[in-house]
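Protein chains in written order, with this note's numbering: chain A, 4 to 50; chain B, 48 to 503.
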C-alpha cells in the first residue's frame with residue numbers, strides 16, 4: 004500500500020479460538036513484581 | 048477501536064482488537080480523524096473538501112480506499128468480540144506461587160512495599176514444614192498443569208538459604224511423583240551471594256531477578272544497609288561475578304525509579320555499561336505523600352524519559368549489540384493469546400503468595416493485608432470465593448479498561464496497585480495506566496521499526 008504500511012500479522016482474534024491453555028508464565032514471576040505487562044510474555048503452547 | 052500517535056517522526060496506528068500495527072503517512076493520520084465505520088464506497092465529499100485543502104484530492108481518495116480495504120480485512124476498526132472468552136478463567140488451576148521464605152531483610156530500602164522486609168508483621172523466617180506444605184498446596188491446586196512456577200521472595204530470601212535448599216530438594220522429590228516440573232526463580236538483593244549459592248541457584252533456578260537501581264548514588268540513596276551505608280559496591284561485585292555464571296539461563300537486573308531519578312534512562316544505561324543486558328526498571332509503588340513518590344506532575348518528564356530510553360536502546364541495537372528492556376519487550380506476531388490477555392497477571396486465581404507463617408494471599412503485594420488472607424497452607428483452609436472474585440477481575444469488569452486502547456497489552460493492570468491506590472481491584476490506578484501507555488507506545492514503535500523492512 005502507498006499510504007499505510009502494515010507491520011504484523013494482526014491475528015489476535017485467531018489466537019482466541021485455540022488459546023487459553025494456561026501453560027505460559029505468570030507475568031509477575033519474570034521481572035516485574037510491581038507493574039503488570041502481559042503482552043511481553045511468551046506463548047508456551049506446545050505445537 | 049483504533050489508537051494512533053506520533054513518536055520519533057513516525058505515525059503509528061494500532062488496531063486494538065486485531066493487534067494490527069501500521070505505520071502511516073500524514074494524510075492517513077489526518078484522514079482518520081474524519082472517517083470511521085460504516086464506510087462508504089468512496090470518500091465522502093465533505094471529507095474530501097476538507098482534506099484537499101492540505102493534500103492532493105486524488106491522494107485523499109486513494110488513502111480512503113486503503114483504509115476501507117484494511118477495514119474489510121478486519122485489521123482496522125475490527126470488532127471486539129472477546130468478552131465471551133472472559134469467563135473461561137474462573138476455574139483456573141493455581142500454578143504459580145510467590146514463596147515468602149523470609150520476612151526479614153539485610154537492606155533498609157526506603158521505598159520497600161514490604162515495610163523494609165517484614166510486610167508490617169514482624170521479622171520472620173519460613174520454617175521447612177511450612178515450605179513443604181506450600182509445595183504440597185501448589186502441586187495439588189495446579190490440577191492438570193504440568194509446568195509450575197515458584198519464586199523465592201522476601202524480604203531477602205537468601206537470609207533463609209538453608210530452608211530454600213531443603214524446600215527445593217523436597218519439591219524435586221514430590222514433583223516426580225505427580226509428573227510435574229516446578230520452575231524455580233529467586234528475587235534477591237545479592238548481598239549474601241557466595242560462589243556456593245550462585246552455583247546452587249544456577250543449578251535450580253530458571254530465572255533470577257537481581258535488585259539494583261542503577262547509578263551508585265541513586266542506588267545507595269534508596270537502598271542502604273541496616274547501618275545506613277550503601278549497598279552498591281557489594282552487589283555490583285556479586286552480580287558481575289554471578290551473571291556470566293548463568294550461562295544461557297535467564298536473569299534480570301531490576302531497579303526501581305522514584306521522583307529522585309526521573310532521568311532513569313541514565314540508570315538503565317549505567318546497568319548496561321556494567322555489562323548487564325537484561326534489564327527491568329520500574330516506577331516506585333509508594334504512598335503519594337512520600338517525598339520520593341511519583342505524582343501526576345512527574346508524568347511529562349517520565350514520558351520524555353521513556354522516549355530517550357527508546358532512542359538509546361534503538362541506537363545500541365543499530366550497532367548490532369543486544370539489550371533487552373523488560374517493559375519494551377513485545378512480540379507483535381506471536382505474543383500471548385487473546386485469552387491470556389483478558390486474564391491479566393492471574394493474581395488470586397492462577398497465582399498466589401504464601402507468607403512465612405503459611406498464609407495465602409492473592410499476590411506478594413497483598414501480603415500483610417488481613418482482609419486478603421485466602422487461607423493457610425498449614426491448616427488446609429482456602430477461600431474459593433475470593434479466588435473466584437479475582438478470576439472475574441478481567442478487562443471486561445474494569446470500567447476504565449473496556450474503553451482503553453492498551454487493554455490487550457497490560458490486561459487490566461495490577462490488581463494490587465488498583466487496591467492500594469483506589470481501594471478496589473477493579474478501579475484502575477490512573478497514574479500507572481498513563482506510564483504503562485507511554486511505555487507501550489515506545490515498545491510498539493521500537494518493534495515496528497525492527498520489522499519495517501519486511502513489512503508490506
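All residues carry an ideal CB built from backbone N, CA and C; glycine is no exception.
Bounds of the alpha helix (DSSP H) holding residue 490/B are 477-498. Of 346/B, 276/B, 121/B, 214/B, the smallest CA-CA separation from residue 174/B is found for 214/B.
Below 8 Å, too few C-beta pairs join the region 410-424 of chain B and the region 334-352 of chain B to call them touching: fewer than three. Within the same chain, 490, 494 come within 6 Å of residue 377/B by CB-CB distance, once the 5 residues on both sides are set aside. The C-beta of residue 304/B comes no closer than 9 Å to any C-beta of chain A. Within the same chain, and ignoring the five residues on either side of residue 73/B in sequence, the residues whose Cβ sits closer than 7 Å to its Cβ are 58. Rounded to whole angstroms, the separation of the alpha carbons of residue 368/B and residue 448/B is 37 Å. Flagged as an interface residue toward chain A: residue 72/B, by a C-beta distance shorter than 9 Å. Judged by DSSP in its simplified three-state form, residue 289/B adopts helix.
With the rule of 3 Cβ pairs closer than 8 Å, the region 54-68 of chain B counts as touching the region 10-17 of chain A. Residue-level contact by beta carbon holds for residue 234/B and chain A, with a gap shorter than 9 Å. DSSP places residue 365/B within a helical segment (H, G or I) once states are collapsed to three.
The C-alpha of residue 424/B lies about 48 Å from the C-alpha of residue 121/B.
Look at residue 94/B here: in three-state DSSP terms it is helix. Between the C-alpha atoms of residue 90/B and residue 390/B there is a straight-line separation of about 39 Å. Put simply, the CB of residue 397/B is near chain A, with a gap under 9 Å to one of its CB atoms.
Interface with chain A (9 Å Cβ-Cβ cutoff): residue 134/B is excluded. The beta carbon of residue 292/B is closer than 7 Å to those of 245, 249 in its chain, skipping five residues each way along the sequence.
Residue 128/B and residue 235/B have their C-alpha atoms some 42 Å from each other. Against chain A, the beta carbon of residue 139/B has neighbours under 8 Å at 25, listed in chain order.
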